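Student: Sharing a structure below in structure tokens format, with a few things to ask.
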Amino acid sequence: MNLTSRALGGSVVYRYAPRSHTIYLNVTNRCTNDCCFCVKNYSDGLSGYHLWLAKEPSVDEIWNTFQKEVRESDSEVVWCGFGEPTMRLDVVLDITRRIKRKHPHMKIRLNTDGLAQLRERKRRVARELRGAGMDSVSISLNAESQEKYDELCRPSMAGSYCALLDFARDCKKYFSEVVLTVVSVEGIDALACEGIAKDIVCEFRVR
Ligand code: SF4
-9 MNLTSRALGG SVVYRYAPRS HTIYLNVTNR CTNDCCFCVK NYSDGLSGYH LWLAKEPSVD
51 EIWNTFQKEV RESDSEVVWC GFGEPTMRLD VVLDITRRIK RKHPHMKIRL NTDGLAQLRE
111 RKRRVARELR GAGMDSVSIS LNAESQEKYD ELCRPSMAGS YCALLDFARD CKKYFSEVVL
171 TVVSVEGIDA LACEGIAKDI VCEFRVR
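Last residue of the sequence shown: number 197 in the numbering used here, and the count goes up by one each step with no gaps.
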């Protein structure tokens, strides 16, 4: 753990494997869902990194840590941590812009619950993300129906399931790569979920 991580109580930057060329960003532990399968329910972190944060990192803390940790061989950045990155939408946009300016060869992906537009009704979230330089969006669909989604993801905001589908449609206007994903848990009809992804011309992945 570096000095910044120690001060924050957890890692802002992590990798799944030491030699991986993908770097992950963990900037919040907050989320408006409470998914029964969330990794936060049974782990303190991933791949040896502690991802619970005692304090949310500032933009400068994130940027400085990223600059220290990034390697020339890195090719991808993924917004994905122990919480929903778009809970800090402006931070995501700011850091994404900085990465694109300084490391234009790197692809940047957002892994998201797809609920930012529901939380930020006055904004144009998909357009803003693309404008900042985000290359692709991976949205957690997680279920083939609202009933099942509510049961599994326990959203705190009404209309979350419809909102994430609307967000996926909106992302299709700005991104060539939009992926809907499901977790492999009992009771999910993955085929039906794939059908939903196909209907809105998104890719599909079981994670
Ligand atoms: S949306 Fe993601 S971070 Fe939020 S509770 Fe579900 S799995 Fe965890």
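Here a beta-carbon is modelled for each residue, glycine too, at the ideal position from N, C-alpha and C.
In this text, all values refer to a predicted model and were calculated from it rather than measured experimentally.
Within the continuous beta strand (DSSP E) that includes Ser150, where are the two ends?
Tutor: Element bounds for Ser150: not the beta strand (DSSP E) but the alpha helix (DSSP H), 150 to 164.
Student: Distance, Cα to Cα, Val2 vs Leu43?
Tutor: C-alpha separation (whole angstroms): 8 Å.
Student: Could you tell me the distance, in whole angstroms, from the CA atom of Tyr21 to the CA atom of Ser48?
Tutor: Residue identity differs from the one stated: residue 21 is Cys in this sequence, not Tyr. Near 18 Å, if we compare the C-alpha coordinates of Ser48 and Cys21.
Student: Can you tell me whether DSSP reads Tyr6 as helix, strand or coil?
Tutor: Three-state result, Tyr6: coil.
Student: Under DSSP, the beta strand (DSSP E) around Arg195 begins and ends at which residues?
Tutor: Segment 193 to 196, the beta strand (DSSP E) holding Arg195.
Student: Within the present structure, is the beta-carbon of Cys183 separated from the nearest heavy atom of the ligand SF4 by less than 7 Å?
Tutor: No, the Cβ of Cys183 stays beyond 7 Å of every heavy atom of the ligand SF4.
Student: Would you give the residue range spanned by the alpha helix (DSSP H) that Val115 belongs to?
Tutor: 115 to 122 is the span of the alpha helix (DSSP H), which, as asked, contains Val115.
Student: What is the residue span of the alpha helix (DSSP H) that Arg87 lies within?
Tutor: Residues 79 to 92.
Student: At the level of alpha carbons, what is the spacing between Ser166 and Asn19?
Tutor: Rounded to whole angstroms, Ser166 to Asn19 spans 29 Å at the Cα level.
Student: So if DSSP puts His40 in a beta bridge, which residue, or which two residues, is it bridged to?
Tutor: The partner list for His40 (beta bridge, DSSP) reads Gly35.
Student: In terms of DSSP beta bridges, what is Lys97 paired with?
Tutor: According to DSSP, Lys97 bridges with Glu66.
Student: Look up Glu184 in the DSSP assignment and say whether it is helix, strand or coil.
Tutor: Here Glu184 sits in helix by DSSP.
Student: Can you tell me the Cβ-Cβ gap for Ala158 and Ile129, rounded? I've got them flagged as a contact below 8 Å.
Tutor: With a Cβ gap of about 5 Å, Ala158 and Ile129 count as contacting.
Student: Three or more C-beta pairs under 8 Å: does that hold for the segment 142 to 152 against the segment 184 to 194?
Tutor: Flag = no, the segment 142 to 152 and the segment 184 to 194 do not touch.
Student: So is Ala44 in contact with chain B if we call contact Cβ pairs under 8 Å?
Tutor: Reference to chain B is not applicable here, since this structure consists of a single protein chain.
Student: Flag this pair as yes or no: are the beta carbons of Leu83 and Ala122 separated by less than 8 Å?
Tutor: Yes.
Student: Tell me where the beta strand (DSSP E) around Leu15 begins and ends.
Tutor: Taken as a continuous stretch (DSSP letters only), the beta strand (DSSP E) holding Leu15 covers 12 to 15.
Student: Please list the terminal residues of the continuous alpha helix (DSSP H) segment that includes Thr55.
Tutor: Its alpha helix (DSSP H) spans residues 49 to 59.
Student: According to the neighbour-count rule (16 or more other Cβ atoms, all chains shown, within 10 Å of its Cβ), is Asp24 buried or exposed?
Tutor: The residue is exposed, with fewer than 16 neighbouring Cβ atoms inside 10 Å.
Student: Out of curiosity, what's the CA-to-CA distance linking Arg120 and Tyr164?
Tutor: Rounded to whole angstroms, Arg120 to Tyr164 spans 6 Å at the Cα level.
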